[in-house]
Amino acid sequence: MDYEVIIGLEVHAELLTDSKIFCCCTTEFGGAPNTHCCPVCLGLPGVLPVTNEKVIELGVKAALALNCEISPYSKFDRKNYFYPDLPKAYQISQYDLPLARNGYLEIEVDGKTKKIGITRVHLEEDAGKLVHSETGSYSLVDYNRTGVPLIEIVTEPDLRSPAEAKIFLEKLKSILQYAEVSDCKMQEGSLRCDANVSIRPMGSKEFGTKTELKNMNSFKAVQKGLEYEVKRQKKLLERGKKIIQETRRWDENSNKTYTMRSKEEAHDYRYFPEPDLPPIVLEKGYIEEIRKTLPEMPYDRKKRYIEEYGLPEYDAGVITSSKALADFFEECVKEYVDAKTVSNWVMGELLGTLNAMDKEIDEIPLTPKHLADMLKLMDKGTISGKIAKKVFKEMMETGRTPDEIVEEKGLKQIADEGELSKIVDKVIADNPKSVEDYRAGKKKAIGYLVGQVMKETRGKANPQLVNKLLREKLES
């Protein structure tokens, strides 16, 4: 039987504020355990929370970027659930009156645009972190992250494959970064995702029994976790067994999902309005002022790159998929005006090296000026394209300027005709068979001779001059 996959996502994004949602403690990542907390975020008796206005502003900004309707009236609620790393034993979140509803995000799937509905965007505080001992005999609690402001973005069950879920998350990350509401660093927990997945016979209108997946810390893990879960559910149904509604965790090491808790163990959160916080009342003028602060978004930037820089649509799409990458590209073009050449290096060497190093662009020492200066050295004939790749790799690893690297390692291109002429003569003398082939009409034989000259010069010979000298000498 053919089955249709139904996926909905719950995404948590940490907001870019300097202080926590209900107190003045820093949101800075890291720090010694329990040094970024106070009586308010520790939930000590007698303290009162105060809403951080910046949190509301960034929440509205994110919701607008996601095409949501902003609620003129919303409120905070207490979600009563024992979190070992939330000392109050409840979480302040939003329940029936969230900050925003009814949004959408458009994604490209197989060359077609698909609209994914966003049910709601609401504000809440983050929990702390448990550090388990290797023996499993005890756990330590770090409250530094407790109270860090989050938005939770809940989608409609509109995604139809694990690949679509990955595409959606990549687009969502890009939108949140462009809107400057979250840095979305998954390795630091700034962006986290839970996924609900079920399957149903093709053509059926009723949803199947869903499972929830947790503990996925990368887009690749989300896709792999969902693929495994879809296969697992299909096998169960094909064997005549029932799917249990449960929460499952993804194990990266075994590439499998495991039961965390079943429906019978699910908790009744017993939401009720947070009595210590006033409701959030937003006037239309306030919302419109925030709308005006939205920066250029990926679609508009892509269109501008095509029109202003003459980039192919594909290039513009790849570069603008990441705000940091697009910022890097633009800064480089200010220094080196050939936008297509910059695009080729950004999409080729830069992205390839970043993927190999498993790093983001803001985690490397290479600057746009470094790349621009290296391209200028190529134009001057100081270095060849082959040498440029070596220089680029060194810049990526050390952050040193191309001039420093070329000078220290003696990488300047040999462009002296007299010097190269002697090397060409030697190569011709040492390779009579290739010379004979070339003169017999096998013009491709010159490629081998060029390679031998480059080998003799350790890649430093000017390839155009080498070709010129070889042709002159072979045809004389």
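Position 373 of the sequence shown, counting from 1, maps to 372 under numbering that gives the first Met the number 0, and the rest follow consecutively.
By construction, the Cβ of each residue, glycine as well, lies at the ideal position given by its N, Cα and C atoms.
**Item:** Residues of its chain near alanine 371, where Cβ-Cβ distance is below 7 Å and the 5 sequence neighbours each way are ignored
**Value:** As a working mapping, residue 371 is identified with position 372 in the sequence shown. Counting only Cβ-Cβ distances below 7 Å, and skipping sequence neighbours, we find Cys331, Glu334, Tyr335.
**Message:** Given this structure, state the Cα-to-Cα distance separating phenylalanine 328 from tyrosine 313, to the nearest angstrom.
**Reply:** On the sequence shown, position 329 is the one that residue 328 refers to. On the sequence shown, position 314 is the one that residue 313 refers to. Those two C-alpha atoms are separated by around 15 Å.
**Item:** Outcome for glycine 284 when other beta-carbon atoms lying within 10 angstroms are tallied against a minimum of 16
**Value:** As a first step, residue 284 must be located in the sequence shown, where it is residue number 285. Answer is exposed; the Cβ neighbour count stays below 16.
**Request:** Please say whether leucine 374 and isoleucine 382 have beta carbons closer to each other than 7 Å?
**Result:** Translated into positions along the sequence shown, residue 382 becomes position 383. Translated into positions along the sequence shown, residue 374 becomes position 375. It is not a contact, given that the beta carbons lie outside the stated cut-off.
**Message:** At the level of alpha carbons, what is the spacing between leucine 225 and glycine 384?
**Reply:** Reading the sequence shown from its first residue, position 226 is the one you call residue 225. Reading the sequence shown from its first residue, position 385 is the one you call residue 384. If you take the alpha carbons of leucine 225 and glycine 384, they lie about 43 Å apart.
**4-residue-minimum alpha helix (DSSP H) runs that sit fully inside the region 211–244, ordered along the chain** = 218–237
**Asked** CA-CA distance, serine 189 and alanine 338?
**Response** Here the question's residue 189 lines up with position 190 in the sequence shown. Here the question's residue 338 lines up with position 339 in the sequence shown. So the alpha carbons of these two residues sit roughly 33 Å apart.
**Message:** glutamate 123 and serine 92 - do their beta-carbons sit closer together than 7 Å?
**Reply:** Within the sequence shown, residue 92 is the residue found at index 93, counting from 1. Within the sequence shown, residue 123 is the residue found at index 124, counting from 1. Yes, the Cβ-Cβ distance between serine 92 and glutamate 123 is below 7 Å.
**Message:** How far does the beta strand (DSSP E) with glycine 450 in it extend, from its first residue to its last?
**Reply:** Residue numbering aside, residue 450 sits at position 451 when the sequence shown is read from its first letter. Segment 444–455 is the alpha helix (DSSP H) holding glycine 450; no beta strand (DSSP E) there.
**Message:** Looking only at its chain, what residues have a beta carbon closer than 7 Å to the beta carbon of threonine 258, apart from the 5 residues adjacent to it on each side?
**Reply:** Residue numbering aside, residue 258 sits at position 259 when the sequence shown is read from its first letter. Excluding residues within five positions, the ones whose Cβ falls inside 7 Å are Glu245, Arg247.
**Prompt:** So what does glutamate 68 bridge to, in DSSP terms?
**Reply:** As a first step, residue 68 must be located in the sequence shown, where it is residue number 69. In the DSSP output, where bridge partners are listed per residue, glutamate 68 has Arg100.
**Asked** Mind checking cysteine 23: buried by the 16 CB within 10 Å criterion, or exposed?
**Response** As a first step, residue 23 is located in the sequence shown; it is residue number 24 there, counting from the start. Label assigned to cysteine 23: exposed.
**Prompt:** Comparing alpha-carbon positions, which option in Asp250, Val120, Asn252, Lys233 lies nearest isoleucine 243?
**Reply:** Against the sequence shown, residue 243 aligns to sequence position 244. Out of Asp250, Val120, Asn252, Lys233, Lys233 has the C-alpha closest to the C-alpha of isoleucine 243.
**Asked** Tell me the DSSP bridge mates of glutamate 362?
**Response** On the sequence shown, position 363 is the one that residue 362 refers to. Looking at the DSSP assignment, glutamate 362 forms no beta bridge with any residue, so it has no partner.
**Asked** In whole angstroms, what separates the C-alpha of lysine 368 from that of glycine 398?
**Response** Translated into positions along the sequence shown, residue 368 becomes position 369. Translated into positions along the sequence shown, residue 398 becomes position 399. If you take the alpha carbons of lysine 368 and glycine 398, they lie about 11 Å apart.
**Request:** Within the same chain, show all residues whose beta-carbon is closer than 6 Å to that of glutamate 3, passing over the 5 residues directly before and after it, in chain order.
**Result:** Residue mapping note: residue 3 aligns to position 4 of the sequence shown, counting from 1. Counting only Cβ-Cβ distances below 6 Å, and skipping sequence neighbours, we find Arg199, Met201.
**Message:** Taking a contact to mean a Cβ-Cβ separation below 7 Å, would you say leucine 281 touches threonine 50 in this structure?
**Reply:** Position 282 of the sequence shown, counted from the start, is the residue given in the question as residue 281. Position 51 of the sequence shown, counted from the start, is the residue given in the question as residue 50. Taking 7 Å as the Cβ cut-off, leucine 281 and threonine 50 do not qualify as a contacting pair.
**Request:** Quick one: give me the first and last residue of the alpha helix (DSSP H) that aspartate 429 is part of.
**Result:** In the sequence shown, the residue the question calls residue 429 occupies position 430. Its alpha helix (DSSP H) spans residues 416–429.
**Asked** Pick from Leu8, Lys128, Gly239, Leu63: whose alpha carbon is nearest that of isoleucine 166?
**Response** Within the sequence shown, the letter at position 167 stands for residue 166. Among Leu8, Lys128, Gly239, Leu63, the Cα nearest to that of isoleucine 166 is on Leu8.
**Asked** Should methionine 356 go down as buried or exposed, given a rule of 16 or more other Cβ atoms within 10 Å for buried?
**Response** Residue numbering aside, residue 356 sits at position 357 when the sequence shown is read from its first letter. Classification for methionine 356: exposed.
**Message:** So the candidates are Asn252, Leu14, Lys392; which of them puts its Cα closest to the Cα of glycine 146?
**Reply:** The residue labelled residue 146 in the question sits at position 147 within the sequence shown. The candidate whose alpha carbon is nearest that of glycine 146 is Leu14.
**Message:** Could you tell me the alpha carbon to alpha carbon distance between phenylalanine 81 and valine 341, rounded to whole angstroms?
**Reply:** Numbered from 1 along the sequence shown, position 82 holds the residue referred to as residue 81. Numbered from 1 along the sequence shown, position 342 holds the residue referred to as residue 341. Cα to Cα, phenylalanine 81 sits roughly 53 Å from valine 341.
**Prompt:** How would you label leucine 131, buried or exposed, when you count the other beta carbons within 10 angstroms and need 16 or more for buried?
**Reply:** Residue numbering aside, residue 131 sits at position 132 when the sequence shown is read from its first letter. Sequence inspection shows histidine at residue 131; the leucine mentioned does not correspond to that position. Histidine 131 comes out exposed.
**Request:** Could you check how far apart the C-beta atoms of aspartate 141 and asparagine 252 are, in whole angstroms? I think they sit under 8 Å.
**Result:** Mapped onto the sequence shown, residue 141 falls at position 142. Mapped onto the sequence shown, residue 252 falls at position 253. No, aspartate 141 and asparagine 252 are not in contact; Cβ-Cβ is about 24 Å, not under 8 Å.
**Message:** Considering only the alpha carbon of each residue, which of Leu353, Ile445, Asn101, Arg457 lies closest to leucine 468?
**Reply:** Locating residue 468 in the sequence shown gives position 469, counting from the first residue. Checked all of Leu353, Ile445, Asn101, Arg457; the closest Cα to leucine 468 is Ile445.
**Presumed contact (8 Å Cβ cut-off) between valine 196 and valine 229, rounded CB distance** = Within the sequence shown, the letter at position 197 stands for residue 196. Within the sequence shown, the letter at position 230 stands for residue 229. About 6 Å; that satisfies the 8 Å criterion.
**Message:** One question on the structure: do tyrosine 94 and aspartate 76 come within less than 7 Å of each other, judged by their Cβ atoms?
**Reply:** If you number the sequence shown from 1, residue 94 lands on position 95. If you number the sequence shown from 1, residue 76 lands on position 77. Yes; because the gap between Cβ atoms is below 7 Å, this pair is in contact.
**Request:** Apply the 10 Å Cβ neighbour rule to asparagine 101 and answer buried if 16 or more other Cβ atoms are within range, or exposed otherwise.
**Result:** On the sequence shown, position 102 is the one that residue 101 refers to. By the neighbour-count rule (16 or more Cβ atoms within 10 Å), asparagine 101 is not buried but exposed.
**Message:** If you follow the beta strand (DSSP E) that tyrosine 89 is in, where does it begin and where does it stop?
**Reply:** If you number the sequence shown from 1, residue 89 lands on position 90. Run containing tyrosine 89: 89–92, per the beta strand (DSSP E) assignment.
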